[in-house]
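Report on one structure; see the data block that follows.
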Amino acid sequence: MPIMRPGSLKDPEIAELFNKHDPEKIFDDLREIGHGSFGAVYYAKCNLTREIVAIKKMSYMGKQSMEKWQDILKEIRFLRQLNHPNTIEYKGCYLHENTAWLVMEYCVGSASDIIEVHKRPLKEEEISAICDGVLRGLSYLHSLGRIHRDIKAGNILLTEQGIVKLADFGSAAIKCPANSFVGTPYWMAPEVILAMDEGQYDGKVDVWSLGITCIELAERKPPYFNMNAMSALYHIAQNEAPTLQAPDWTDHFRSFVDFCLKKSPLDRPNSTKLLSHSFMTRIRSPNVLIDLIARTKAAVRELDNLNYRKMKKILMVDSCETESNVGDPEDTPDEQIGGDSSKSNSITSEHSLHSVDQHGGVLRNASRHRGMGGPGLPPLHSNSSMNNIGGGGGMGGGGGRDGRDGLMQGDGLNRLSLGMG
Numbered sequence: 001m002p003i004m005r006p007g008s009l010k011d012p013e014i015a016e017l018f019n020k021h022d023p024e025k026i027f028d029d030l031r032e033i034g035h036g037s038f039g040a041v042y043y044a045k046c047n048l049t050r051e052i053v054a055i056k057k058m059s060y061m062g063k064q065s066m067e068k069w070q071d072i073l074k075e076i077r078f079l080r081q082l083n084h085p086n087t088i089e090y091k092g093c094y095l096h097e098n099t100a101w102l103v104m105e106y107c108v109g110s111a112s113d114i115i116e117v118h119k120r121p122l123k124e125e126e127i128s129a130i131c132d133g134v135l136r137g138l139s140y141l142h143s144l145g146r147i148h149r150d151i152k153a154g155n156i157l158l159t160e161q162g163i164v165k166l167a168d169f170g171s172a173a174i175k176c177p178a179n180s181f182v183g184t185p186y187w188m189a190p191e192v193i194l195a196m197d198e199g200q201y202d203g204k205v206d207v208w209s210l211g212i213t214c215i216e217l218a219e220r221k222p223p224y225f226n227m228n229a230m231s232a233l234y235h236i237a238q239n240e241a242p243t244l245q246a247p248d249w250t251d252h253f254r255s256f257v258d259f260c261l262k263k264s265p266l267d268r269p270n271s272t273k274l275l276s277h278s279f280m281t282r283i284r285s286p287n288v289l290i291d292l293i294a295r296t297k298a299a300v301r302e303l304d305n306l307n308y309r310k311m312k313k314i315l316m317v318d319s320c321e322t323e324s325n326v327g328d329p330e331d332t333p334d335e336q337i338g339g340d341s342s343k344s345n346s347i348t349s350e351h352s353l354h355s356v357d358q359h360g361g362v363l364r365n366a367s368r369h370r371g372m373g374g375p376g377l378p379p380l381h382s383n384s385s386m387n388n389i390g391g392g393g394g395m396g397g398g399g400g401r402d403g404r405d406g407l408m409q410g411d412g413l414n415r416l417s418l419g420m421g
């Protein structure tokens, strides 16, 4: 059977994945909210419903076009299977001029955007509320035999109503157990690093990443973030599990992080079990995340011009509602919002825009492209993907502080390259 070229819809099973209409006639007022090596994520309005959505545009032309096309198909098939309040909602996909338009619900921003705006850690109650939504989403994914493999603040989005959404499924595993070397180094579980050859792992790797994300939200960066990615991988695999540094966190929070970061997956609870932890069951204000979003919007309005431009995406819905009432919009469609490459280099799948990764490179496919790791990395064959609308589901996700974003999927990395002998 001949191999069909990228973009071909002759196969009925592939054709049914795509809407046949011209997306340029359905969506307008496109405004870029993030970008990466695969393409860009846009705010947009649907002409038919006036609904605000996020669109991730992914080109499948150029080098590795067939691989790009297969990645797009994989992501669409994965997203079509999801139906949970704490996973980003998929709305459809279109093809236009050798580019896939992946349409998803629009979110206000990512957890990493929020800590970037405030320049301070989140409050414990806020972290608890975010973790609750993440665990519910993970429990659902894991019940389907799926593994996210890239949990971090940049891939955790929030809606206007304060609902937590998991995004950026470009590096997700569709079967469990898995053995690929995939994820963002600083958030990667020890068993992923050590499963280079014959090792396997399950959904508990997402629990480890959530523990690291708790530290990220509490301290504004994950452990070992001052190191290059390869050094961090070595320390994650060889050292004791990290802990919260500040003494003023409650025992409930400390215990939760310690459980998430059990070095042995046999000792680490699964996502469903963690929902019954005291850090999750403590009484919280029902509006804690709504209030956080409101304060974040107010903080964005007070930023200096440069930082305002980077974070204006958080106010995108508000500003567009004002424009529709007043007219004479401040910005024109397709204007780049937050286009700083340092904020948009991290992506979940090789060509996925879900949450813009905030830190570290996502290790992906160590057998393809070289030189896309963090500073000081040896030549790695790696691809990167990005922002959601998963970063893209709204404003993009994190961004790439210090230029350390980039998904590294690496079957070809061995213990020697990690300095492990």
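Reminder that position 251 of the sequence shown reads as 251 in UniProt numbering, one-by-one numbering, no gaps. Just so it is clear, CB atoms sit at the ideal spot from N, CA and C, and this is done for glycine as well.
**Asked** To the nearest angstrom, how far is it from the Cα of T213 to the Cα of K123?
**Response** 14 Å
**Among R149, F27, E219 and H35, nearest to S116 - alpha-carbon criterion** = Residue 116 is actually Glu in this sequence, not Ser. Of the candidates R149, F27, E219 and H35, the one whose C-alpha sits nearest the C-alpha of E116 is E219.
**Asked** Going by Cα to Cα distance, which pick from Q161, Y140, D22 and H277 is closest to T99?
**Response** D22
**Item:** Rounded distance between the beta-carbons of L274 and L135, thought under 8 Å
**Value:** 6 Å
**Request:** Would you mind stating whether E105 and V53 have Cβ atoms separated by less than 8 Å?
**Result:** yes
**Item:** Ordered list of alpha helix (DSSP H) runs contained in the region 208-273, each at least 4 residues
**Value:** 229-238 and 251-260
**Beta-carbon contacts of T332 that lie in its chain and below 8 Å, excluding the five residues immediately before and after** = Per-residue confidence for T332 stands at a pLDDT of 40, beneath the threshold of 50, marking its modelled position as unreliable; no derived number is given.
**Item:** Separation of A111 from G34, as counted between CA atoms
**Value:** 15 Å
**Request:** Tell me, to the nearest whole angstrom, how far the beta carbon of S209 is from that of I293; I am working on the premise that it is less than 8 Å.
**Result:** That pair is no contact at about 23 Å.
**Request:** Starting from L158, follow its DSSP beta bridges and name the residues at the other end.
**Result:** G109 and V164
**Asked** Measuring CB to CB, does S128 end up less than 8 Å from R284?
**Response** yes
**Item:** Straight-line gap, D71 to R77 (C-alpha atoms, nearest Å)
**Value:** 10 Å
**Request:** Helix, strand or coil for I347, going by three-state DSSP, please let me know.
**Result:** Note that I347 scores 29 on pLDDT, short of 50, meaning its location in the model is unreliable and no value can be drawn from it.
**Asked** Where in the region 54-104 do unbroken runs of the alpha helix (DSSP H), each at least 4 residues long, occur, reported from the N-terminal end onward?
**Response** 65-80
**Prompt:** If we ignore side chains and look at the alpha-carbon of each, how far apart do G397 and A15 end up?
**Reply:** With a pLDDT of only 35 at G397, under 50, the local geometry of the prediction cannot be trusted, and no value is derived from it.
**Request:** Can you tell me which of E125, T184, L79 and G133 puts its alpha carbon nearest to the alpha carbon of T250?
**Result:** E125
**Message:** Taking the straight line between their C-alpha atoms, what separation do you get for D29 and N47?
**Reply:** 10 Å
**Nearest-angstrom beta carbon gap, K25 and Y42 [assumed within contact, 8 Å]** = That pair is no contact at about 16 Å.
**Request:** Taking only the alpha-carbon atoms, compute the straight-line gap between F279 and L138 and give it to the nearest angstrom.
**Result:** 17 Å
**Asked** So the alpha helix (DSSP H) G199 belongs to, where does it begin and stop?
**Response** Note, G199: premise wrong, no alpha helix (DSSP H); not H, not E.
**Message:** Less than 8 Å between C-beta atoms, sequence neighbours within five positions excluded: which residues of the same chain meet that for L418?
**Reply:** At L418, the pLDDT of 44 sits below 50, so the modelled position is not reliable; the number obtained from the coordinates is stated separately. Correct list, in chain order: I193, M230, L233, Y234 and A237.
**Request:** Out of V164, G183 and K165, state which residue places its alpha-carbon closest to the alpha-carbon of A173.
**Result:** G183
**Item:** R31 - partner residues in DSSP beta bridges
**Value:** Y43
**Endpoints, the alpha helix (DSSP H) within which K297 is located** = V288 to R301
**Asked** Between which two residues does the alpha helix (DSSP H) carrying A15 extend?
**Response** P12 to A15
**Asked** To the nearest angstrom, how far is it from the Cα of N226 to the Cα of Q245?
**Response** 15 Å
**Request:** Just grab the DSSP bridge partners of A129 for me.
**Result:** None; A129 has no bridge partner.
**Message:** Comparing C-alpha positions only, which one of N19, K175 and R149 sits nearest to W101?
**Reply:** N19
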